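J.: Pasting a structure below so you can have a look.
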Amino acid sequence: MSTVYLKAPIIEAILLSCINDSSFSKINLNVQRVTPTSKTTLRKYIFHLINNTFISYNGGNKKYVINSSGLKLLDMI
71 MSTVYLKAPI IEAILLSCIN DSSFSKINLN VQRVTPTSKT TLRKYIFHLI
121 NNTFISYNGG NKKYVINSSG LKLLDMI
């Protein structure tokens, strides 16, 4: 199993965006304000955050929302 290294400023921007249920485009806009990041890279970050239950995706609304573990992670950052 390989280790994945994620940058805290990008993680923080994603988690903050997800507090109020955000679309991918809104998350992307907020992340771009912090650091230029490709959409492909952003999708990888979101994948890892979903996979580790920090955020969830609501397919019906096409929105991402932060989970309780994501709030704890945000507090640590």
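In the numbering used here, the protein residues as written are 71 to 147. Even for Gly, the Cβ is constructed at its ideal location relative to N, Cα and C. For clarity, every value in this text was computed on a predicted model and none was experimentally measured.
From the DSSP output, read off the bridge partner residues of serine 92.
T.: Against the sequence shown, residue 92 aligns to sequence position 22. BP columns for serine 92 point to Tyr134.
J.: Can isoleucine 120 and tyrosine 127 be called in contact, C-beta distance under 8 Å?
T.: As a working mapping, residue 120 is identified with position 50 in the sequence shown. As a working mapping, residue 127 is identified with position 57 in the sequence shown. Yes, they are a contact pair.
J.: Might you give, ordered along the chain, the residues of its own chain that have their beta carbon closer than 8 Å to the beta carbon of proline 79, omitting 5 neighbours on each side?
T.: Position 9 of the sequence shown holds residue 79. If we look at proline 79 and ignore the five residues flanking it on each side, its Cβ neighbours are Val104 and Thr105.
J.: Taking only the alpha-carbon atoms, compute the straight-line gap between isoleucine 81 and asparagine 100 and give it to the nearest angstrom.
T.: The residue labelled residue 81 in the question sits at position 11 within the sequence shown. The residue labelled residue 100 in the question sits at position 30 within the sequence shown. Spanning the two alpha carbons is a distance of roughly 11 Å.
J.: Mapping the DSSP letters down to three states, classify asparagine 128 as helix, strand or coil.
T.: Counted from its first residue, the sequence shown places residue 128 at position 58. In the structure shown, asparagine 128 sits in a strand (DSSP, three-state: E or B).
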